[in-house]
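**Q**
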Amino acid sequence: MTADVTDLMKKLVSLCKRRGYVFQSGEIYGGLQSSWDYGPLGVELKKNIEASWWDFMVSTRPDVVGMDSAIITHPDVWKASGHLKNFHDPMVDCMKCKSRFRQDNIEGDSCPECGGSLTEPRDFGLMFKTQMGALEDDSATVYLRPETCQSIFVNFRNIVTATRQKLPFGIAQTGKAFRNEITARNFVFRSREFEQMEMEFFCLPEEAEKWFEFWLDERLKWYRELGLKSGNIRTRRHDEGELAHYANSCFDIEYTFPFATGGWGELEGIANRTDYDLKAHIEESGQDLSFLDQINKAKIIPYVIETSGGVGRTMLAVLLDAYREEVVEGRERIVLGLHRSLAPVKAAVLPLSKKLSGNAMEVFDMIRTLFPVQFDETGSIGKRYRRMDEAGTPFCITYDFDTLDDNCVTIRERDSLDQIRIPVETLAEKLSALMDNGWPAG
Ligand code: ATP
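Here the sequence shown is numbered in my numbering, starting from 4 and rising by one per residue.
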């Protein structure tokens with residue numbers, strides 16, 4: 004990692020702690036490696052990302068339904084999916100000839116086939132194991148899910164029966180997944196406990212390619228709507244050697260994570276998983292998971308287009324994209340230029356002096372049930388502005404001594420630093436317009 008990259012990541016991690024976005028888990032005991040706790044602003048940002056995803060993928064679509072499955076899953080699910088088979092094998096890939104090896108079968112750090120460099124070891128199936136019930140023998144062994152999608156496949160028949168969906172349709176869920184990653188690092192980019200946002204879209208096999216392209220476009224659109232700069236995201240097709248065993252084609256949506264090898268790191272995978280998973284579960288369970296195609300009056304196993312992203316990685320991309328340092332009117336400031344829809348706090352009410360706190364609190368009370376708003380009376384007004392800039396708060400509302408006479412407050416916008424002065428009674432309406440349309444509104 005170059006000095007600049009380390010520096011940027013250090014600064015971001017430090018800001019995240021300072022402003023209450025992300026803390027090292029178990030910090031007072033020395034910290035649990037690669038485990039992160041989300042603070043008051045972090046949890047809001049995470050929820051805003053998830054809510055935006057749910058809205059885009061589920062609520063606004065007639066052809067996608069949601070579900071929320073158990074984290075502790077029947078062990079046979081992981082037998083059928085192939086995860087159990089690979090449970091203990093750390094794998095390394097040759098970056099040149101794409102050969103794959105068990106790390107414990109090779110010596111040194113270069114490929115035994117061609118001498119090329121090897122990737123860091125990684126394991127497809129490193130699941131967290133635990134016991135269910137009082138017994139501690141093998142029959143009680145269960146696993147924390149390493150991905151959310153398998154519960155969608157095993158509930159396929161239940162959902163078809165309950166919702167009477169016709170092909171094509173999707174099933175979506177967000178939730179925690181657990182992987183005992185061999186090399187967990189780079190802040191929330193790779194942790195052992197993380198949240199996924201996954202959607203499995205079931206369709207006729209002959210339409211799979213069309214839907215694959217559709218969903219790739221849609222997912223890109225979503226990342227752009229979050230405000231990520233278009234030059235910082237790209238798509239990359241997996242080549243043959245890189246494809247997962249269940250997929251016949253896959254694209255990654257990548258972001259310019261500063262620490263990523265080659266400059267780009269995966270945000271999300273879009274894969275054509277064919278009928279691999281449903282077939283595997285039919286075989287393992289002996290149950291009929293086919294779909295009755297009403298038009299051809301035939302039972303078919305649908306193909307599946309998967310979109311699979313992570314909340315933590317999206318959040319990290321959003322934070323990196325938004326982070327900037329600048330000098331304004333001779334003063335340095337750090338700004339998180341978060342899109343207003345993602346900003347954890349939308350506005351802050353700041354009395355110019357503590358003497359005005361009582362009156363300013365009345366203004367705060369007027370709007371605090373409409374938006375996530377903070378009240379801050381501590382420190383100089385400049386310091387308070389800078390705290391809000393760092394937290395990514397788009398608007399500051401300043402209550403000054405003139406307000407006592409003219410009953411007007413000043414709204415200051417985070418990025419342009421432009422200010423407007425408006426009557427207190429129009430504040431709620433004005434803020435709503437700013438949330439909808441951005442600055443300047445009206
Ligand atoms: P990578 O190649 O980076 O390990 P992956 O291909 O194993 O990722 P998938 O199994 O496709 O990842 O998981 C889908 C998404 O879940 C990823 O695109 C990523 O956003 C997220 N994700 C996967 N593993 C982790 C992790 N250890 N920490 C945080 N997010 C993760």
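The beta-carbon is built from N, C-alpha and C at its ideal position, and this holds for glycine as well.
Do you know how far the Cα of H284 is from the Cα of V157?
**A** Stepping through the sequence shown from its first residue, residue 157 is reached at position 154. Stepping through the sequence shown from its first residue, residue 284 is reached at position 281. If you draw a straight line from the Cα of V157 to the Cα of H284, it comes to about 7 Å.
**Q** Please state the DSSP three-state secondary structure of G268.
**A** Translated into the one-based positions of the sequence shown, residue 268 becomes position 265. The answer is strand: DSSP assigns G268 an E or B state.
**Q** Taking C-alpha atoms, which residue in K20, D7, S62 lies nearest to G459?
**A** Examination of residue 459 is not possible in this model, given that the chain is present from 4 through 445 alone.
**Q** Could you tell me the alpha carbon to alpha carbon distance between T264 and I304, rounded to whole angstroms?
**A** Here residue 264 refers to the residue found at position 261 of the sequence shown. Here residue 304 refers to the residue found at position 301 of the sequence shown. Distance between the alpha carbons of T264 and I304 is about 38 Å.
**Q** On the criterion of 16 or more Cβ atoms from any shown chain inside 10 Å, does M12 qualify as buried, or is it exposed?
**A** Residue 12 sits at position 9 when you count from the first residue of the sequence shown. The residue is buried, with at least 16 neighbouring Cβ atoms inside 10 Å.
**Q** Assuming I400 contacts V338 (C-beta within less than 8 Å), just tell me the rounded distance between them.
**A** Position 397 of the sequence shown, counted from the start, is the residue given in the question as residue 400. Position 335 of the sequence shown, counted from the start, is the residue given in the question as residue 338. That belief does not hold up - the Cβ atoms of I400 and V338 are roughly 18 Å apart, past 8 Å.
**Q** For M200, count the other beta carbons within 10 Å of its own beta carbon; 16 or more makes it buried, fewer makes it exposed. Which is it?
**A** Counted from its first residue, the sequence shown places residue 200 at position 197. The residue in question, M200, is buried, as its Cβ has 16 or more Cβ neighbours within 10 Å.
**Q** Put G45 into one of helix, strand or coil per three-state DSSP.
**A** Your numbering for residue 45 matches position 42 in the sequence shown. G45: helix per DSSP, three-state reduction.
**Q** What is the DSSP secondary structure of N183, reduced to helix, strand or coil?
**A** On the sequence shown, residue 183 is found 180 positions in, with the first residue counted as 1. N183 falls in the coil class under three-state DSSP.
**Q** Taking a contact to mean a Cβ-Cβ separation below 8 Å, would you say D391 touches L48 in this structure?
**A** Taking the first residue of the sequence shown as 1, we reach residue 391 at position 388. Taking the first residue of the sequence shown as 1, we reach residue 48 at position 45. First, the amino acid is wrong: residue 391 is Met here, not Asp. Against a cut-off of 8 Å, the Cβ pair of L48 and M391 comes out as no contact.
**Q** State the CB to CB distance for the pair F172 and F205, rounded to an integer number of angstroms; the pair is presumed to be in contact (CB under 8 Å).
**A** As a position in the sequence shown, residue 172 is number 169, starting the count at 1. As a position in the sequence shown, residue 205 is number 202, starting the count at 1. About 6 Å; that satisfies the 8 Å criterion.
**Q** If you compare alpha carbons, which of V330, K386, T406 is closest to E365?
**A** Within the sequence shown, numbered from 1, the residue matching residue 365 stands at position 362. The residue with the shortest Cα to Cα distance from E365 is T406.
**Q** Should F404 be labelled buried (16 or more other beta-carbon atoms within 10 Å of its own) or exposed?
**A** Taking the first residue of the sequence shown as 1, we reach residue 404 at position 401. Residue environment analysis places F404 among the exposed positions, since fewer than 16 neighbouring C-beta atoms fall within 10 angstroms of its C-beta.
**Q** Report yes if the CB atom of F287 is closer than 8 Å to the CB atom of D79, and no otherwise.
**A** Counted from its first residue, the sequence shown places residue 287 at position 284. Counted from its first residue, the sequence shown places residue 79 at position 76. One point to set straight first is that residue 287 is Glu, not Phe, in the sequence displayed. For E287 and D79, yes; Cβs fall inside 8 Å.
**Q** Quick one: Cα of F192 to Cα of E271, how far?
**A** If you number the sequence shown from 1, residue 192 lands on position 189. If you number the sequence shown from 1, residue 271 lands on position 268. E271 has its alpha-carbon roughly 12 Å from the corresponding atom of F192.
**Q** Provide the residue(s) that pair with A274 in DSSP beta bridges, ordered along the chain.
**A** As a first step, residue 274 is located in the sequence shown; it is residue number 271 there, counting from the start. The partner list for A274 (beta bridge, DSSP) reads C253, E309.
**Q** Between the alpha carbons of L295 and V163, how many angstroms are there, rounded?
**A** Within the sequence shown, the letter at position 292 stands for residue 295. Within the sequence shown, the letter at position 160 stands for residue 163. If I take the Cα positions, the gap works out to 10 Å.
**Q** Let's see if you can read the secondary structure: which residues bound the beta strand (DSSP E) around F159?
**A** Stepping through the sequence shown from its first residue, residue 159 is reached at position 156. First-last for F159: 159 to 166, but that is the alpha helix (DSSP H), not the beta strand (DSSP E).
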